[in-house]
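Report on one structure; see the data block that follows.
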Amino acid sequence: MAPALLLLRLLALIATAREACAARAFAAASNATAHGATVVAGKLNVHLVPHSHDDVGWLKTVDQYYVGSNNSIQGACVMNTLDSVVDALARDPARKFVVVEQAFFQRWWAEKIPNIQAVVRKLVDSGQLEFINGGWCMHDEAAVHYIDMIDQTTLGHRMIKKQFNKTPRAGWQIDPFGHSAVQAYLLGAELGFDSLHFARIDYQDKEKRKAGKGLEVIWRGSRTFGSSSQIFTNVFPVDYSPPDGFGFEVLDENILPVQDDMLMFDYNVEERVNDFVVAAIEQANFTRTNHIMWTMGDDFSYQYAESWFRNMDKLIYHVNKDGRVHALYSTPSIYTDAKHFSNISWPVKYDDDFPYADSKNSYWTGYYTSRPTFKRYVRVLSGYYLAARQIEFLVGRSFLGMFTTSLEDPMAIAQHHDAVSGTAKQHTTDDYSKRLALGASKVEKGVNVALTCLLSSNGTCAPSVQKFSQCPLLNISYCPSTEETVSGAKNLVVVVYNPLGRERSDFIQIPVNDENLVVKSSDGTIIESQLVEVDNVTRNLRKVYVKAYLGITTNKPPMYWLLFQASVPPMGWNSYYISRSTGISASGQLERIFNSVSGVDLPIQQSFFWYSSNQGDIVDAQGSGAYVFRPNGTTPTIVSSSVIPCILSLFISNS
1 MAPALLLLRL LALIATAREA CAARAFAAAS NATAHGATVV AGKLNVHLVP
51 HSHDDVGWLK TVDQYYVGSN NSIQGACVMN TLDSVVDALA RDPARKFVVV
101 EQAFFQRWWA EKIPNIQAVV RKLVDSGQLE FINGGWCMHD EAAVHYIDMI
151 DQTTLGHRMI KKQFNKTPRA GWQIDPFGHS AVQAYLLGAE LGFDSLHFAR
201 IDYQDKEKRK AGKGLEVIWR GSRTFGSSSQ IFTNVFPVDY SPPDGFGFEV
251 LDENILPVQD DMLMFDYNVE ERVNDFVVAA IEQANFTRTN HIMWTMGDDF
301 SYQYAESWFR NMDKLIYHVN KDGRVHALYS TPSIYTDAKH FSNISWPVKY
351 DDDFPYADSK NSYWTGYYTS RPTFKRYVRV LSGYYLAARQ IEFLVGRSFL
401 GMFTTSLEDP MAIAQHHDAV SGTAKQHTTD DYSKRLALGA SKVEKGVNVA
451 LTCLLSSNGT CAPSVQKFSQ CPLLNISYCP STEETVSGAK NLVVVVYNPL
501 GRERSDFIQI PVNDENLVVK SSDGTIIESQ LVEVDNVTRN LRKVYVKAYL
551 GITTNKPPMY WLLFQASVPP MGWNSYYISR STGISASGQL ERIFNSVSGV
601 DLPIQQSFFW YSSNQGDIVD AQGSGAYVFR PNGTTPTIVS SSVIPCILSL
651 FISNS
């Protein structure tokens with residue numbers, strides 16, 4: 001985590017310097033110019049921001065979206081978008097476009113020949129092509145962990161810095177289903193962004209803010225850090241699409257092109273200009289200053305970019321010729337600089353934008369718990385990835401190389417707002433899981449070797465008789481290394497690693513078949529332990545899921561769980577030796593809480609319930625689903641009177 005935070009601090013310094021330079025540039029004249037985009041004092045300036053929102057998996061998988069396959073589900077091809085945009089930008093230096101998701105851009109970049117890469121570098125240097133947000137994906141803000149937010153953002157920013165020596169200035173979280181104050185200060189102000197832009201806030205809050213011209217605010221994400229945590233935040237008045245009638249995707253059945261050839265029967269310049277001015281003035285009523293932003297794009301737009309740019313070229317020309325308002329190609333950075341130059345005060349916001357609702361009975365809280373197994377899988381691998389990188393560092397990459405890189409891309413993709421949120425289709429979620437599993441299996445091999453290096457007597461990575469294995473299926477009582485009979489001449493060594501920056505004590509639980517076992521610490525001290533019989537439910541789960549995950553049949557399930565308490569120093573490890581040398585709640589549930597400080601001993605009763613989903617009715621058709629949580633009444637149904645224990649991941653060795 002430390003390298004990621006150091007990089008973020010570096011980016012913050014760079015971005016702050018850029019902001020100062022931009023502010024000085026705007027202060028130089030009343031008609032400010034930045035990268036060829038001119039704003040006009042005394043007029044309403046309409047900033048056209050061309051963009052394409054490219055989900056890193058949703059209705060289709062990441063690969064399908066990139067290459068444009070499986071179009072019976074959705075016609076989308078990001079490869080075509082990037083090819084088409086670069087060609088269109090190269091035709092006219094006034095045109096601009098913003099690139100967001102690095103998961104797609106980096107694939108595309110790696111495939112390009114040097115000549116094309118040179119063209120792209122020129123477009124980036126000139127400001128025609130601008131990277132915003134800059135993460136591998138547009139991450140979720142509710143179900144994601146802040147470390148994973150940092151990691152996926154760092155991965156994208158690192159590639160942009162390496163290839164273009166650029167640092168994104170603007171946050172662009174236009175589609176996540178609500179927003180966290182953590183995003184505002186940690187992945188906004190602390191990252192060095194000078195603005196944050198998004199669309200989804202509660203519909204009632206949005207209407208109130210529109211009435212008070214409060215859609216644009218200074219968001220102070222941390223009361224502790226005060227003004228250092230604040231960022232200019234722009235909430236779109238509707239969504240991230242253009243105003244009605246101004247989308248120009250070539251296959252859109254509702255497209256209204258600008259026809260400026262007077263020989264055509266459907267010549268419509270006056271009509272289109274009037275529509276533009278009316279829409280601009282309407283939006284201006286919701287904001288402060290004489291600058292408004294139009295988000296000129298939508299999901300997987302610009303697959304034929306010239307259709308968009310040709311029509312925007314005409315609009316800009318004819319609108320500016322009309323003179324009532326001023327239109328220009330722009331980016332979030334240019335727009336924010338113009339807002340800063342206006343030098344007015346803004347409302348201050350402190351809280352989250354959760355929960356998000358877009359209408360009555362449409363609270364998007366269902367995704368907080370949608371696909372819980374995938375959410376847990378991502379969270380488990382997040383901790384594992386962190387620990388593996390620490391071990392990689394401790395051993396030294398000169399010995400084993402960078403064995404953790406196989407999880408970089410899958411983990412970053414999993415933070416997408418349709419991935420960890422649980423809102424992607426099943427086949428897409430399966431694809432996410434497959435990527436994570438393949439990446440984790442490669443990292444696991446590196447960790448096994450690295451542990452041998454760390455625990456060797458001379459600190460080298462020479463071949464050792466001690467072979468480590470890991471048990472990712474402990475939660476279904478499957479761990480072949482611990483289930484073997486422990487003979488008199490053989491010890492089972494359990495290595496517990498702690499990736500946290502503080503000492504940690506926790507209970508370790510492993511499946512065994514021996515009754516007479518003793519647990520000792522590395523200094524030979526006997527550790528108190530307990531045997532608990534494995535229940536039939538767990539045995540049946542083991543049989544089913546070992547077959548499903550590994551494709552093998554297990555004949556003999558373990559008889560017991562062996563439990564003992566392990567204490568591990570910060571960012572360190574301890575070894576425990578199990579050799580031959582004997583309580584349980586019938587339900588497996590928590591039955592009492594004892595406070596060792598106050599001496600209070602409280603019995604408790606624990607139950608698990610589920611709610612039936614509401615499918616909608618005549619009055620309100622809104623049903624419960626992956627996005628919205630709407631139960632069918634307030635009375636839940638009990639699930640079970642017993643529970644199945646969950647197990648920590650361990651590094652296991654036989655010696």
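Residue numbers (UniProt numbering): 1 to 655.
No residue lacks a Cβ here, since even glycine has one placed at the ideal position from N, Cα and C.
Since this is a predicted model, take the numbers as computed values, not measurements.
6 Å Cβ shell around residue i - same chain, five flanking residues per side excluded
i: Pro-176; result: Asp-140, Glu-141, His-417
i: Asn-448; result: Phe-468
i: Asp-260; result: Val-269, Lys-314
i: residue 659; result: Residue 659 is absent from the model: the chain starts at 1 and stops at 655.
i: Pro-257; result: Asn-311
i: Gly-134; result: Gly-156, His-157, Ile-160, Pro-168
i: Thr-209; result: First, the amino acid is wrong: residue 209 is Arg here, not Thr. Correct list, in chain order: Leu-215.
i: Ala-22; result: Confidence in Ala-22 is poor, its pLDDT being 41 and thus under 50, which makes the residue's placement too unreliable to answer from.
Inter-residue Cα distance where the pair is residue i and residue j
i: Asn-555; j: Glu-484; result: 13 Å
i: Ala-181; j: Lys-547; result: 44 Å
i: Tyr-367; j: Val-519; result: 43 Å
i: His-157; j: Asp-194; result: 16 Å
i: Ser-441; j: Gly-616; result: 43 Å
i: Asn-70; j: Tyr-545; result: 30 Å
i: Gly-633; j: Ser-612; result: 8 Å
i: Thr-635; j: Tyr-627; result: 21 Å
i: Gly-446; j: Pro-472; result: 15 Å
i: Glu-528; j: Val-235; result: 57 Å
i: Val-278; j: Val-67; result: 39 Å
i: Gly-297; j: Glu-101; result: 15 Å
i: Gln-589; j: Gln-606; result: 7 Å
i: Tyr-560; j: Ile-174; result: 51 Å
i: Asp-239; j: Val-144; result: 23 Å
i: Cys-461; j: Pro-114; result: 40 Å
i: Thr-423; j: Val-250; result: 28 Å
i: Asn-513; j: Phe-608; result: 31 Å
i: Gly-623; j: Pro-372; result: 20 Å
i: Ile-578; j: Ala-566; result: 13 Å
i: Ile-281; j: Ser-330; result: 18 Å
i: Leu-328; j: Phe-104; result: 28 Å
i: Phe-26; j: Asp-275; result: Reliability fails at Phe-26, whose pLDDT of 41 lies under 50, so the model's placement of it is uncertain and the value that follows must be treated cautiously. Spanning the two alpha carbons is a distance of roughly 30 Å.
i: Gln-152; j: Ser-382; result: 11 Å
i: residue 663; j: Ile-218; result: Outside the shown range of the chain (1 to 655) lies residue 663, about which nothing can therefore be said.
Residues of its chain near residue i, where Cβ-Cβ distance is below 8 Å and the 5 sequence neighbours each way are ignored
i: Lys-112; result: Val-120
i: Tyr-549; result: Leu-473
i: Pro-603; result: Glu-591, Arg-592
i: Arg-379; result: His-145
i: Val-86; result: Ile-116, Val-119, Val-120, Leu-123, Leu-129
Reference residue i; option with closest CA among the options
i: Gly-247; options: Ala-388, Ala-118, Leu-48, Gly-366; result: Leu-48
i: Leu-186; options: Gly-226, Lys-166, Ile-174; result: Gly-226
i: Asp-244; options: Val-235, Ile-255, Ser-441; result: Ile-255
i: Arg-580; options: Leu-492, Trp-610, Asp-266; result: Leu-492
i: Phe-198; options: Ser-228, Ile-316, Thr-233, Glu-190; result: Thr-233
i: Asp-601; options: Arg-592, Val-443, Val-512; result: Arg-592
i: Ile-532; options: Phe-309, Val-250, Glu-130, Ser-477; result: Residue 532 is actually Val in this sequence, not Ile. Considering only alpha carbons, the answer is Ser-477.
i: Thr-404; options: Tyr-65, Thr-287, Ala-388, Leu-381; result: Ala-388
i: Ser-406; options: Tyr-384, Val-395, Gly-422, Lys-425; result: Tyr-384
i: Ser-362; options: Phe-399, Arg-200, Asp-431, Lys-543; result: Arg-200
i: Ser-222; options: Ile-344, Leu-196, Ala-189; result: Ala-189
Contacting residues, own chain, Cβ-Cβ under 7 Å from residue i (five flanking each side not counted)
i: Gln-283; result: Pro-237, Ile-292
i: Met-149; result: His-139, Leu-187, Gln-415
i: Val-639; result: Phe-608, Phe-609, Trp-610
Beta bridge counterpart(s) of residue i as assigned by DSSP
i: Trp-108; result: DSSP lists no partner for Trp-108.
i: Lys-522; result: According to the sequence provided, residue 522 is Ser. The question's Lys does not apply to it. Ser-522 is not bridged to any residue.
i: His-157; result: Paired residues: none, contrary to the question.
i: Ile-578; result: Leu-492, Val-519
i: Pro-569; result: Paired residues: none, contrary to the question.
i: His-53; result: Asp-299
i: Asn-45; result: His-291, His-326
i: His-139; result: His-416
Beta carbon proximity, residue i to chain C, threshold 8 Å
i: Gln-589; result: Protein chains in the displayed structure number just one, and chain C is not present.
(request) Please determine if the region 591-610 and the region 530-544 are in contact, where contact requires at least 3 C-beta pairs separated by less than 8 Å. (result) At 8 Å Cβ cutoff, the stretches do not touch.
(request) Report yes or no: do the region 409-423 and the region 43-52 share at least 3 C-beta pairs separated by less than 8 Å? (result) At 8 Å Cβ cutoff, the stretches do not touch.
(request) Please determine if the region 300-320 and the region 80-91 are in contact, where contact requires at least 3 C-beta pairs separated by less than 8 Å. (result) Taking 8 Å as the limit for Cβ pairs, the verdict is that the region 80-91 does touch the region 300-320.
(message) Taking contact to mean 3 or more Cβ pairs, one atom from each stretch, closer than 8 Å, check whether the region 498-507 and the region 562-578 are in contact.
(response) Counting Cβ pairs under 8 Å, three or more are found: they touch.
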